[in-house]
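Novice:
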Amino acid sequence: MQNFRARLFTGIAAVLLGGVVDLGAVGLIDRPTEGRQYETLRFRFEENLGFANPFDLETNRVELLMQQPDFTRRTLSFFYDGQNAEGLEQWEARFAPKQAGLHRFRVRINGKSEAPFEVMVKANPGKRGGLRRAPQLGIFELENGEPFRGLGLNVCWADDYEYYFKKMQAAGLNLTRIWMCPWHLSFEWKETGLGRYNLDSARRLDMLLALADKYGIYLILCMDYHGIARKGLGFFKENRWLENPYNQANGGPCATDAELFTNTAAREFFKRKYKYLVSRFGHSSRLATWEFYNEADLMAGQSIPVNRWHVEMAEYVQAIDVHDRLVSSSSTRSYPEKLVDAFKSPALDYVMFHDYNSVNVAPHFIDLHEATIEYYHKPVVLGEFGVEFRGADRTFAVDPQHIGLHNGIWSGWFSETPIIPLTWWWDNYIDPHDLWREFASLSRFAQALPIDQQHLVFKTLAAGRLTAQPEEQAACLVRIIYSGEHCALWFKNMDYQWSLVQEGKQPGALGVFTQIIPELPPGRYTVAWYDPQTGAFLGKPIAMEAEAEGTLALPVPSFVKDLAVVVTRRR
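Sequential numbering of the sequence shown, starting at 0, is according to numbering that gives the first Met the number 0.
1. Decide yes or no for the touch test of the segment 177-190 against the segment 151-161: beta carbon pairs closer than 8 Å, at least 3 of them.
2. For Pro554, write down the residues that DSSP places opposite it in a beta bridge.
3. Identify which residue in Lys504, Gln452, Thr71 and Phe280 has its Cα closest to the Cα of Ile480.
4. Note down, one range per segment and in chain order, each beta strand (DSSP E) of at least 3 residues found wholly within the segment 173-234.
5. Would you check if there are 3 or more beta carbon pairs closer than 8 Å linking the segment 460-471 to the segment 320-337?
6. Any chance you could list the beta strand (DSSP E) runs of at least 3 consecutive residues sitting entirely within the segment 124-164, in chain order?
7. Looking at C-alpha atoms only, which residue of Lys560, Asp561, Arg568 and Ser112 is the closest neighbour of Leu551?
8. Assign Gly34 to one of two classes, buried (16 or more other C-beta atoms within 10 Å of its C-beta) or exposed (fewer than that).
9. Along the alpha helix (DSSP H) that carries Ser278, what are the first and last residues, could you check?
10. Alpha carbons only, please: which of Leu509, Asn52 and Pro521 is nearest the one belonging to Tyr275?
11. Could you check what DSSP says for Gly385 in three-state terms: helix, strand or coil?
12. Within a Cβ cutoff of 7 Å, which residues of the same chain sit near Ala535, ignoring the five residues on either side of it in sequence?
13. Bridge partners for Asn293 per DSSP, in chain order?
14. Taking the straight line between their C-alpha atoms, what separation do you get for Arg6 and Leu455?
15. Is Asp354 buried or exposed, if buried means 16 or more other CB atoms sit within 10 Å of its CB?
16. Taking C-alpha atoms, which residue in Asp494, Arg127 and Pro244 lies nearest to Ala508?
17. Just how far apart, CA to CA, sit Ala114 and Arg105?
18. Rounding to the nearest angstrom, what Cα-Cα distance links Val565 and Asn427 in this structure?
19. Let me confirm a value: Trp423 is counted as buried when at least 16 other C-beta atoms fall within 10 Å, else exposed. Which label applies?
20. Roughly how far, in whole angstroms, is the beta-carbon of Phe364 from the beta-carbon of Pro420, given that I think they are within contact range, below 8 Å?
21. Within 10 Å of its beta-carbon, does Pro244 have 16 or more other beta-carbons around it, so buried, or fewer, so exposed?
22. Is the CB-CB distance between Thr39 and Arg93 below 7 Å?
23. Beta carbon of Phe413, beta carbon of Thr466: below 7 Å?
24. Using a Cβ-Cβ cut-off of 8 Å (strictly less than) and excluding sequence neighbours within five positions of Ala635, which residues of its own chain qualify?
25. So, helix, strand or coil for Ser442, using DSSP?
26. For Asp426, does the three-state DSSP call read helix, strand or coil?
27. In this structure, what does DSSP give as the bridge partners for Glu437?
28. What first and last residue would you give for the beta strand (DSSP E) that runs through Pro34?
29. When DSSP labels each residue in this structure, what does Glu91 get in the three-state scheme?
30. In angstroms with no decimal places, state the Cα-to-Cα distance between Arg239 and Gln446.
31. Under 7 Å between C-beta atoms, does Met206 make it to chain B?
32. Just tell me which of Val360, Gln301 and Thr371 has its CA closest to the CA of Tyr337.
33. Determine which residues share a DSSP beta bridge with Trp489 and list them.
34. Tell me whether Val358 sits in a helix, a strand or coil according to DSSP, three-state version.
35. Inspect the beta-carbon positions of Phe444 and Ala563 and report whether they are closer than 7 Å.
36. Is the segment 219-234 in contact with the segment 302-315, if contact means three or more CB pairs nearer than 8 Å?
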């Protein structure tokens, strides 16, 4: 990449005349001449343009026009990044090309264009790109076509993300969820005022995305949380409306919190903010999703305007995001009145909701995923879960064996979802109790099943009959994933649930039984048993053969809590 460091500003005069900027030739001091697919190209210049508010990319059009190798044309926005040591404004545009080949660019500022220039982008087989929807609802795809299933947890705020990303990488995790909120990555709040953004937070998010790339982590970026306009005080007293810059008392346009979704000026300010966020951070393939709100159904406002607001904003973000990152929002339940129509809309790429305090986690999560997919006909993600929403101490008190966590992520992996349920309490439950081992166990098992993007089916099977008591069915939940010619199964003792253990009932050993696996191509298979509790395969893989009618009679050894197996077709 070639950088032009010399000052090329010839005859620049930026003078604000009735809102119109009169410019001479702008010289880019960072202008690449070549690049690589999925890697970020940066275009930069330094000059005082004289805008009243340089953060406003809607009123002030500082743009990079682009023609891609397939002749499609898109427009990127330069974003303002403060002033340099000489007091000059710093402007930058970022683009991660999806296509290899010749790209043509032209800078345009409030309608006045510069001379075009070209960048040759080389193919980059080593890079996989960002996430996108896949034909199958149980997976996402990377931009190079590879299948992706997210395995991770919430790490919504932290002082040291490198510490958590290292832990996640070591456990085989690939995704987390991060909040922008008044106490973390605060972006547009009382300190900045409406329409102006916290550049310290922006630069920290730049570094976070770089760390995520270093450790192989994808980020769901939650751009606001419900407390900015909470309906009522909230259990955690999280209502922050009195501090909100959109509040009329703080100079904003909204007389009430409900007007956040209906006030025309407020909606325009939100679009300005999203345009800045998209322009600055959308280049990163590690940004998995733009999430508008955490638990939007808890916010003030009526259901119709809240739904309409989400559709309007989602369509806007999709229109301006040249990188086409996924878009969603989240709620406290799967059929929230304030989001149900938005979730049905094609403007939101997937449904994201939360679930806490479930008594019997595994069958509940499986049923929840199936019913929600049937209702919305799009991918479904459990963005938060836990056995107790009121705190980490309460969570540990009711479930000291971490059964809810274990059953939550395992039942999630065996459910039709592109992202395994994301637990909460990362800093005061997961980390201090070193529960990274739970994730490492699931990750190790998941890597053993080849993913067939064309044929991926999730089902519950009837448990087989006990060998010693043929009239009795084994008391366990049996889930199966068919992946092309391969499959994986999870057997969970019905008594292995946190609420029963809390009552003093410990799971007992299940007797040996035979599990019939239907719908397999006839032929030879390799069977590898796995202990989810220890995260280790058991003994050596064994060879078995499916019958001509496509069934495999699998002898299941005795177990106490749960057991898993991978069955792969032999060639």
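Ideal Cβ placement from N, Cα and C applies to all residues, glycine included.
Specialist: Taking the definition as stated:
1. yes
2. Thr513
3. Gln452
4. 174-178 and 217-221
5. no
6. 130-132, 139-141 and 151-153
7. Arg568
8. buried
9. Thr263 to Phe280
10. Asn52
11. strand
12. none
13. Tyr224
14. At Arg6, the pLDDT of 31 sits below 50, so the modelled position is not reliable and the matter cannot be decided from this model.
15. buried
16. Asp494
17. 6 Å
18. 34 Å
19. buried
20. 6 Å
21. buried
22. yes
23. no
24. No answer is possible for residue 635: the residues shown for the chain start at 0 and end at 570.
25. helix
26. helix
27. Looking at the DSSP assignment, Glu437 forms no beta bridge with any residue, so it has no partner.
28. Reading off the sequence shown, one finds Gly at residue 34, where the question assumed Pro. Unbroken beta strand (DSSP E) run through Gly34: Glu33 to Arg35.
29. strand
30. 43 Å
31. This model lacks chain B altogether, as it is built from one protein chain only.
32. According to the sequence provided, residue 337 is Lys. The question's Tyr does not apply to it. Checking every option, the nearest Cα to that of Lys337 belongs to Gln301.
33. Arg478 and Ala563
34. coil
35. yes
36. no
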